[in-house]
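Chemist: Below is the structure I would like to discuss, written out as structure tokens.
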Amino acid sequence: TEKRLDSLTEKVEELAAAQARTEKHLDSLTEKVEELAAAQARTEKRLDSLTEKVEELAAAQTRTEKSLEELVAAQARTEKRLDSTNKQLGGLSATVGYTLENEAYKHLPELLQNLWNIKPLEKLYRGYLSTKSGKDIEINILGKALKDSTEILIVGESKTQLSRKEVDRFIEKVVPQLDTGKLSPFPVFVTHMETSRGVSEYARQKGAAVFFSFQF
149 TEKRLDSLTE KVEELAAAQA RTEKHLDSLT EKVEELAAAQ ARTEKRLDSL
199 TEKVEELAAA QTRTEKSLEE LVAAQARTEK RLDSTNKQLG GLSATVGYTL
249 ENEAYKHLPE LLQNLWNIKP LEKLYRGYLS TKSGKDIEIN ILGKALKDST
299 EILIVGESKT QLSRKEVDRF IEKVVPQLDT GKLSPFPVFV THMETSRGVS
349 EYARQKGAAV FFSFQF
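Heads up: the sequence shown runs through residues 149 to 364, numbered per the working numbering.
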């Protein structure tokens with residue numbers, strides 16, 4: 149009987165030890181579960197924070213896109229206004245140019261005769277001349293005239309502001325290609341002002357007459 153009791157006692161002690169180990173293991177598992185729960189809570193908190201930031205970024209993106217749309221619309225309005233302004237300026241420039249030409253038609257005959265000994269044989273006018281290649285070019289001032297008993301053809305250009313570049317273009321590129329028949333072309337420039345000092349003298353050295361609007 150004592151032997152059986154000893155055996156039972158030993159088994160009870162083993163069971164108690166196993167129970168203790170189980171409880172310790174359970175305590176460890178409980179601790180790990182609590183740690184996992186805390187980690188999960190932190191993860192959820194971070195996810196909530198990230199979600200909030202994503203929503204803020206999305207809202208900011210929406211505002212940016214709206215601002216860009218407003219900028220594009222404003223740019224379109226600006227370009228439309230610039231187009232309108234350019235058209236108005238173009239019309240104003242043309243008006244100034246035509247006014248200058250109209251004054252030139254009236255006053256050039258006397259100025260040409262007094263300053264260059266050139267006598268117009270007809271009223272000066274705006275018209276077209278054919279080039280040697282058969283293309284028509286509009287010339288601001290045209291008219292037959294006499295210079296030293298020789299008949300010539302006045303070919304004139306009116307410019308609000310006369311530059312060396314315009315002088316070269318007209319004398320070197322436009323005039324040489326004109327088909328003036330047997331008449332020698334005589335280049336004339338009419339302008340309000342020159343873009344830099346010496347432009348009018350530069351044109352005269354190239355054989356052209358230059359007249360300013362204040363002479364009219």
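Cβ atoms here follow ideal geometry from the backbone N, Cα and C, with glycine treated the same way.
Computed from a predicted model, the values in this text were never measured in an experiment.
How many whole angstroms separate the CB atoms of Q363 and L259, which I take to be in contact at a CB cut-off of 8 Å?
Modeler: 6 Å
Chemist: How about the segment 353 to 360 and the segment 329 to 341: do they share at least three Cβ pairs that are nearer than 8 Å?
Modeler: yes
Chemist: How would you label V347, buried or exposed, when you count the other beta carbons within 10 angstroms and need 16 or more for buried?
Modeler: buried
Chemist: Looking at the unbroken beta strand (DSSP E) that takes in D284, where does it start and where does it end?
Modeler: Segment 284 to 295, the beta strand (DSSP E) holding D284.
Chemist: Just how far apart, CA to CA, sit V303 and I287?
Modeler: 7 Å
Chemist: When the Cα atoms are used, what is the spatial distance from T210 to S197?
Modeler: 20 Å
Chemist: Quick one: Cα of N262 to Cα of T226, how far?
Modeler: 51 Å
Chemist: If you run the structure through DSSP and keep just helix, strand and coil, what is A357?
Modeler: strand
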